[in-house]
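Quick notes on the structure that follows.
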Amino acid sequence: MWLLDRWHALSTGTQDLIIALTCGATGTLLLALDIVGNHNLPFWVRLLLLLLACAAQTQRRRFPMVALALGAVPIVIDAAFGFTIGPLIVLTDLVYAAVLYGGRGSQLLARWLIGATLVAAVLLALQADDLRVGVLIALTLIVVIVTPVQWALTLGAHRDRADLERRRADDLHRMAELDRAAAVAAQRNEVARELHDVISGHLSAIALRSSAALELSRPGSGGEPPTAPALEVVRTQSLQALTAMRSMIDMLQQPQHDSDTQRWESAPGWPQVLDRLPDRAVVHRHPDPLPQLGAELGRQLVRIVLPAVGNAAEHAPGQPIRVDVTHAGGTLQLSVQNPIGDNAPKPAGDRHRWGVANIAARVAALGGTVSIGPAGDGGKRGDSGARVWRVAVAVPVPAAESVGGQGFATDAADGTDGTDGAEPAAPGGETVPTLSPLR
1 MWLLDRWHAL STGTQDLIIA LTCGATGTLL LALDIVGNHN LPFWVRLLLL
51 LLACAAQTQR RRFPMVALAL GAVPIVIDAA FGFTIGPLIV LTDLVYAAVL
101 YGGRGSQLLA RWLIGATLVA AVLLALQADD LRVGVLIALT LIVVIVTPVQ
151 WALTLGAHRD RADLERRRAD DLHRMAELDR AAAVAAQRNE VARELHDVIS
201 GHLSAIALRS SAALELSRPG SGGEPPTAPA LEVVRTQSLQ ALTAMRSMID
251 MLQQPQHDSD TQRWESAPGW PQVLDRLPDR AVVHRHPDPL PQLGAELGRQ
301 LVRIVLPAVG NAAEHAPGQP IRVDVTHAGG TLQLSVQNPI GDNAPKPAGD
351 RHRWGVANIA ARVAALGGTV SIGPAGDGGK RGDSGARVWR VAVAVPVPAA
401 ESVGGQGFAT DAADGTDGTD GAEPAAPGGE TVPTLSPLR
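With full-length UniProt numbering applied, the sequence shown corresponds to residues 1 to 439, in that order.
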């Protein structure tokens, strides 16, 4: 098996040269052993005729018809003085190569060779002095000419059939790829419709109602009601959810070849989210501005900081929220903390554990560390000395992630949301982004 692999690894020119050398060596050995039959030519003439035929054999695959014509000349001269085995071996190979590699004319050549061989065999058998000798010569001629022609025709038919099957398999593969792409596109459109029909209405209603409730909860004088911060967080996160879902629907509705590598480029990005946190959330950046982050890292950081700030607004209403972001030494450190007291609302059981678990899971996926819990009473306190609740996250920033785009370039950054049609107005003159109908 390894010998065949080595043979097929050679170039066609090298293979033809090896075949010609093999036939020449075999014919020379037969001449040296004087296994040539009746022959009236000297040894060097017979050897020269054999080598000339072998020289034509080196072009058996590159120029098969020319090789057969040139090789036939010394072979016919040799046959005129009595057949020898060496040139007959070369003739057999030249006929085989001419029929197999002759292109469009190979079929015509095969018919002509078979017909001419049969006619010559009959004539030789009839003209021979001894009928037995004539029949032997005729059979030898048929074996030398017809057998390689038949081999070449059979092998060529198998080769053409293999090429046809290969093309058919390629066509089936392309059809399967087209069917798969169509199925994926249909599934993506179905998911986009479900997102739009099932979720967008609820999110729009939440955003509008929270905006209205926020306006109604602000009296003309006096302090801010305790429900205002929670409503503000609800409204902010619902608007961000609408924007993110709109970008998901846009991505799902893109053609497959465009959406394979598309990112949620219209979703709120890491820098924009930090700028849009509630008013009582004070953000400290080190350095300012922060270096640019890659898309995936920025998206995960957004999903970490928003729940942390939302929990702080829910469990410590009216209290300031401090957000510290430090990028140094290939590590990004994020800290969200707010003062808490003994009368602070207790976390809501399972819901609190789910939020902590989600943040921890996202940080672990980034290869970072997280610490969530109260700080204080044990020696470490906030800047004001009060007991604080702190979410501290440290994630590595690969070198490839710290350059390039922000990962979440957003339409909302310039005041637009990219939706078609008018947007419903919320109390106070603000607008709530909506999703255009799917068609």
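No residue lacks a Cβ here, since even glycine has one placed at the ideal position from N, Cα and C. Keep in mind it's a predicted model, so treat the numbers as computed, not measured.
The DSSP-derived three-state label of Gly373 is strand.
Its chain contains Ala207, Ser210, Ser211, Leu214 as the residues whose beta carbon lies nearer than 7 Å to that of Arg235, once the 5 sequence neighbours on both sides are disregarded; these appear in chain order.
Between the region 115 to 131 and the region 176 to 185 there are fewer than three C-beta pairs closer than 8 Å, too few to call the two in contact. Rounded to whole angstroms, the separation of the alpha carbons of Ala72 and Val133 is 24 Å. Bounds of the beta strand (DSSP E) holding Ile321 are 321 to 328. Cβ neighbours of Thr22 within its own chain (closer than 7 Å, five residues either side excluded): none.
Using a C-beta cut-off of 8 Å, the region 102 to 109 makes no contact with the region 159 to 174, since fewer than three inter-stretch Cβ pairs fall below that distance. Using a Cβ distance threshold of 7 Å, Ala295 and Ile249 do not count as a contacting pair.
For the region 7 to 36, the full-length alpha helix (DSSP H) segments reaching 4 residues or more read 12 to 32 along the chain. Between the alpha carbons of Leu172 and Trp112 lies a distance of about 39 Å. Spatial neighbours of Ala308 in its own chain (CB-CB distance under 7 Å, excluding positions within 5 residues in sequence) are listed in chain order as Val336, Ile359, Val391. Taking the C-beta atoms as reference points, Gly368 is found nearer than 7 Å to Val395. Taking all protein chains shown into account, Pro148 has 16 or more neighbouring C-beta atoms within 10 Å of its C-beta and is therefore buried. Its chain contains Pro148, Trp151, Ala152 as the residues whose beta carbon lies nearer than 7 Å to that of Tyr96, once the 5 sequence neighbours on both sides are disregarded; these appear in chain order.
Per DSSP, Thr92 lies in no beta strand (DSSP E) segment; the continuous alpha helix (DSSP H) that holds it begins and ends at 85 to 101. For Leu113, the three-state secondary structure derived from DSSP is helix.
The beta-carbon separation of Ala56 and Leu70, rounded to 4 Å, stays under the 8 Å limit for a contact.
For the options Ala186, Leu155, Arg299, Ala98, the alpha carbon positioned closest to that of Ile145 is the one of Ala98. The continuous beta strand (DSSP E) containing Arg390 extends over residues 388 to 396. When Ala313, Ala357, Pro287 are compared, the shortest CA-CA separation from Leu334 is found for Pro287.
Less than 7 Å separates the beta-carbon of Arg322 from that of Val282. Note that the C-beta distance between Arg61 and Asp93 is not below 7 Å. C-alpha of Arg188 to C-alpha of Thr331: approximately 37 Å in a straight line.
Annotation: the continuous alpha helix (DSSP H) that includes Asn311 extends over 295 to 315. For Leu334, DSSP records a beta bridge to Val325, Val393.
Excluding the 5 residues flanking it on each side, Ile114 has same chain C-beta neighbours closer than 8 Å at Ile145, Val146, Val149, in chain order. Minimum Cα-Cα distance from Asp34 among the listed residues Ile18, Leu10, Phe83, Pro64 corresponds to Phe83. Between the C-alpha atoms of Gln272 and Gln319 there is a straight-line separation of about 23 Å. Between Leu124 and Ile137, the gap from beta carbon to beta carbon is short of 7 Å.
Counting only the Cα atoms, Ala312 lies some 11 Å from Pro278.
By the beta-carbon neighbour count (other beta carbons within 10 angstroms, threshold 16), Asp78 is buried.
Taking Met65 as reference, the option from Ala53, Gly102, Pro42 with the minimal CA-CA separation is Gly102. Between Leu366 and Gln292, the C-beta gap is not smaller than 7 Å, which leaves the two residues out of contact. The Cβ atoms of Pro74 and Leu41 do not sit closer than 7 Å to each other. In this structure, Ile89 is the residue among Ile304, Leu68, Ile89 with its C-alpha nearest to the C-alpha of Ala25. Arg159 sits in a helix when the DSSP states are folded into three classes.
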